[in-house]
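Written below as structure tokens is the structure these notes are about.
Chains as they are written, first to last, in the working numbering: chain A, 1 to 339; chain B, 1 to 273.
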């Protein structure tokens with residue numbers, strides 16, 4: 001089911017949470033709403049679900065105007081941030097809840113069979129009789145998903161689905177959610193503040209700031225062509241250096257970077273740590289190493305350029321570097337934005 | 001004994017046990033001892049006499065009625081106080097505690113004045129042929145008044161802590177308001193409701209001050225068990241007083257035990273495997 005938002009606005013008391021957002025989500029797509037807290041991403045998700053009503057603007061499911069359809073008739077599956085499992089019902093009863101209260105009457109056996117299917121889908125066979133307090137966080141998350149899927153929703157909505165889980169469980173569940181999405185082909189929209197999660201999981205990422213869409217596109221598009229300093233720094237670690245642009249080129253130290261479309265004058269250069277290299281001799285930005293931090297996959301150098309400021313760069317583990325060494329930072333690529 | 005990090009266990013445990021012994025166990029023990037000194041035949045004669053049995057019936061039936069009324073009204077009141085923001089909410093919230101704070105005799109006199117045949121409410125009710133003062137209905141009114149805070153104050157915090165996402169989840173799964181209330185909200189309130197109901201009922205069983213003014217106190221009709229105990233005391237018949245009182249005591253114990261059991265059942269889901 002295709003979802004379209006047309007200049008949707010939502011205000012809480014005096015605080016404007018969403019400023020006229022328009023967005024199209026194609027049928028079967030997996031889309032991430034990514035932004036810092038207060039960017040309006042959860043409010044947008046809740047409006048799509050019908051848990052909040054928009055002050056103005058329209059929300060369409062396919063061709064149907066869903067703006068005023070109450071949540072219970074909207075046919076969405078919603079997975080809450082803290083799962084919101086019914087604590088007094090077993091896992092199986094939680095999953096069956098939507099089918100039991102549905103206007104479509106189903107027999108006891110039909111419901112039991114569907115619950116068993118869903119438990120198998122979310123890899124929780126045999127845990128149907130447990131209560132939510134008796135299973136782990138990752139298992140609760142999967143129960144919440146099974147419960148949402150049980151009512152055959154047209155759209156699946158997830159609010160910070162992996163926020164409360166530890167890192168390993170989170171990565172496993174991410175891959176697994178992607179598999180389930182690909183298997184069922186259900187249009188899915190999820191909210192996250194974790195850029196890694198959004199890039200890892202989504203077909204398309206919608207980046208929000210202060211209730212507005214800043215940029216949207218595939219993970220490749222937003223990573224390679226960030227359209228603003230905000231997107232650049234929100235998506236990952238960056239170094240930020242002042243620079244001067246002349247004739248479509250920005251100059252930092254000995255190095256130059258192409259700066260297409262940036263007017264001559266003062267500008268800012270954004271450099272990913274991985275786009276920088278360290279060499280004892282050569283050209284680039286002359287600097288001195290302050291600290292070396294070792295990671296399993298490489299080492300990060302904290303360096304102080306001669307002209308002031310600070311830079312972080314990620315280099316291969318074989319690179320010889322010690323605090324106090326002097327050398328040059330070579331710039332492989334970077335992005336230039338007008339200051 | 002394992003070493004503990006937090007200090008003061010022995011001191012607080014000792015003090016607590018001492019206080020409980022002096023304030024609770026000793027008087028109750030004395031009551032049981034007094035009643036037991038009667039011998040079984042005399043004890044049974046007193047507690048099963050017509051006047052005693054009539055007083056149990058009046059007390060228990062009125063307490064049941066008052067508790068049932070408070071169950072509905074108390075939950076509604078707690079619901080409104082938690083879920084809605086309206087002018088005067090804090091004032092209403094404070095009013096709920098009034099029956100705790102007010103001397104029960106004052107409550108009894110006020111209620112009697114209101115419900116007497118020439119009072120503000122009584123005059124109207126007399127017009128439609130209902131008499132409250134000096135009937136079991138009056139006893140119920142007094143019991144309901146004094147036991148209301150128990151239900152409101154036990155349900156209110158649980159309702160406040162109820163995650164709104166639970167109801168939203170139930171809505172998104174297609175549940176109607178009445179289904180959500182019955183299948184999601186009510187089961188989660190049940191333990192608190194049981195606690196509130198048992199406290200309110202126990203309080204009603206033992207209430208004295210508020211009732212005697214409005215009850216009329218006719219033996220066999222509007223005489224409550226607590227009053228019968230008091231009458232026996234005034235007659236210096238301490239053993240008979242203790243015998244009647246022991247029936248109230250046993251009833252209260254049994255009821256608290258039963259509600260504790262029910263509560264444990266209702267809270268099964270919180271136990272970890």
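We put the beta carbon where it would ideally sit given N, CA and C, even for glycine.
- Return the bridge partner residues of residue 256 of chain A from the DSSP annotation. Against the first chain, residue 256 of chain A aligns to sequence position 256. Answer by DSSP bridge pairing, in chain order: A:251.
- Query: For chain C, is any of its Cβ atoms less than 9 Å away from the one on residue 172 of chain B?
  - Reply: Considering every chain present, this structure includes no chain C. Its protein chains are A and B.
- Terminal residues of the alpha helix (DSSP H) in which residue 212 of chain B lies: Position 212 of the second chain, counted from the first residue, corresponds to residue 212 of chain B. Segment 209–215, the alpha helix (DSSP H) holding residue 212 of chain B.
- Message: Does chain B have any CB closer than 9 Å to the CB of residue 48 of chain A?
- Response: Translated into the one-based positions of the first chain, residue 48 of chain A becomes position 48. No, residue 48 of chain A does not count as interfacial toward chain B.
- Between the region 184–197 of chain A and the region 82–96 of chain A, do at least 3 Cβ pairs fall closer than 8 Å? no
- Message: Measuring straight from C-alpha to C-alpha, what distance separates residue 52 of chain B and residue 238 of chain B?
- Response: To locate residue 52 of chain B, count along the second chain from 1; it is residue 52. To locate residue 238 of chain B, count along the second chain from 1; it is residue 238. C-alpha separation (whole angstroms): 15 Å.
- Query: Out of curiosity, what's the CA-to-CA distance linking residue 131 of chain B and residue 112 of chain B?
  - Reply: For this step, residue 131 of chain B is matched to residue 131 along the second chain. For this step, residue 112 of chain B is matched to residue 112 along the second chain. Rounded to whole angstroms, residue 131 of chain B to residue 112 of chain B spans 12 Å at the Cα level.
- If the cut is a Cβ gap below 9 Å, which residues of chain B does residue 15 of chain A touch? For the purposes of this step, residue 15 of chain A is identified with residue 15 of the first chain, where counting begins at 1. Residues of chain B passing the Cβ test: none, with the nearest at roughly 18 Å.
- Query: What residues in its chain sit with their C-beta under 8 Å from that of residue 59 of chain A, if we drop five residues either side in the sequence?
  - Reply: Looking up residue 59 of chain A in the first chain gives position 59. Once the five neighbours on either side are set aside, the close Cβ partners of residue 59 of chain A are 3, 4, 5, 6, 8, 47, 48, 65, 66, 67.
- For my contact list, residue 142 of chain B and residue 72 of chain B are in at a C-beta cut-off of 8 Å; report their separation, rounded to the angstrom. Here residue 142 of chain B refers to the residue found at position 142 of the second chain. Here residue 72 of chain B refers to the residue found at position 72 of the second chain. Not a contact, Cβ separation roughly 18 Å.
- Whole angstroms is fine: what's the gap from residue 189 of chain B's alpha carbon to residue 136 of chain A's? As a working mapping, residue 189 of chain B is identified with position 189 in the second chain. As a working mapping, residue 136 of chain A is identified with position 136 in the first chain. Cα to Cα, residue 189 of chain B sits roughly 25 Å from residue 136 of chain A.
- Message: Looking at the secondary structure, which residues open and close the beta strand (DSSP E) in which residue 240 of chain A lies?
- Response: Numbered from 1 along the first chain, position 240 holds the residue referred to as residue 240 of chain A. Residues 239–246.
- residue 12 of chain A: buried (16+ other C-beta within 10 angstroms of its C-beta) or exposed? To locate residue 12 of chain A, count along the first chain from 1; it is residue 12. Per the 10 Å Cβ criterion, exposed.
- Flag this pair as yes or no: are the beta carbons of residue 138 of chain A and residue 169 of chain A separated by less than 9 Å? As a working note, residue 138 of chain A is residue 138 in the first chain. As a working note, residue 169 of chain A is residue 169 in the first chain. Contact: yes.
- Please classify residue 68 of chain A: does DSSP put it in a helix, a strand, or coil? Residue mapping note: residue 68 of chain A aligns to position 68 of the first chain, counting from 1. Residue 68 of chain A falls in the coil class under three-state DSSP.
- Message: For a test of the three-state rule: what should DSSP assign to residue 273 of chain B, helix, strand or coil?
- Response: As a first step, residue 273 of chain B is located in the second chain; it is residue number 273 there, counting from the start. Because the pLDDT at residue 273 of chain B is just 45, under 50, the model does not fix this residue reliably, and the point stays unresolved.
- Message: Taking the alpha-carbon of residue 177 of chain B as reference, which of A:192, A:72, A:229 has the nearest alpha-carbon?
- Response: Residue mapping note: residue 177 of chain B aligns to position 177 of the second chain, counting from 1. Of the listed residues, the one whose Cα sits closest to residue 177 of chain B is A:72.
- Is it the case that the Cβ atoms of residue 203 of chain A and residue 29 of chain A are separated by a distance below 9 Å? Start at 1 with the first residue of the first chain, and residue 203 of chain A comes out as number 203. Start at 1 with the first residue of the first chain, and residue 29 of chain A comes out as number 29. Contact flag set, yes.
- Please confirm whether residue 160 of chain A and residue 81 of chain A have their CB atoms less than 9 Å apart. For the purposes of this step, residue 160 of chain A is taken as the residue at position 160 of the first chain. For the purposes of this step, residue 81 of chain A is taken as the residue at position 81 of the first chain. Contact flag set, yes.
- Determine, using beta carbons only, whether residue 3 of chain A comes closer than 9 Å to chain B. Within the first chain, numbered from 1, the residue matching residue 3 of chain A stands at position 3. No, because no Cβ of chain B sits closer than 9 Å to the Cβ of residue 3 of chain A.
- Assuming residue 115 of chain A and residue 145 of chain A form a contact by the criterion Cβ under 8 Å, report the distance between their Cβ atoms to the nearest whole angstrom. Translated into positions along the first chain, residue 115 of chain A becomes position 115. Translated into positions along the first chain, residue 145 of chain A becomes position 145. With 8 Å as the limit, residue 115 of chain A and residue 145 of chain A do not qualify as a contact, their Cβ atoms being about 14 Å apart.
- In whole angstroms, what separates the C-alpha of residue 274 of chain A from that of residue 306 of chain A? As a first step, residue 274 of chain A is located in the first chain; it is residue number 274 there, counting from the start. As a first step, residue 306 of chain A is located in the first chain; it is residue number 306 there, counting from the start. Roughly 20 Å between the two C-alpha positions.
- Task: Might you give, ordered along the chain, the residues of its own chain that have their beta carbon closer than 7 Å to the beta carbon of residue 16 of chain B, omitting 5 neighbours on each side?
- Result: Along the second chain, read from residue 1 onward, the residue named residue 16 of chain B stands at position 16. Hits under 7 Å: none found.
- In chain order, each alpha helix (DSSP H) run of at least 4 residues that lies wholly inside the region 99–170 of chain B: 104–115, 120–127, 136–161
- Query: Are any of the Cβ atoms in chain B nearer than 9 Å to that of residue 140 of chain A?
  - Reply: Locating residue 140 of chain A in the first chain gives position 140, where the first residue counts as 1. So no, residue 140 of chain A is outside the interface.
- Message: Checking 9 Å against the spacing of the C-beta atoms, do residue 284 of chain A and residue 255 of chain A come in under that value?
- Response: On the first chain, residue 284 of chain A is found 284 positions in, with the first residue counted as 1. On the first chain, residue 255 of chain A is found 255 positions in, with the first residue counted as 1. Against a cut-off of 9 Å, the Cβ pair of residue 255 of chain A and residue 284 of chain A comes out as a contact.
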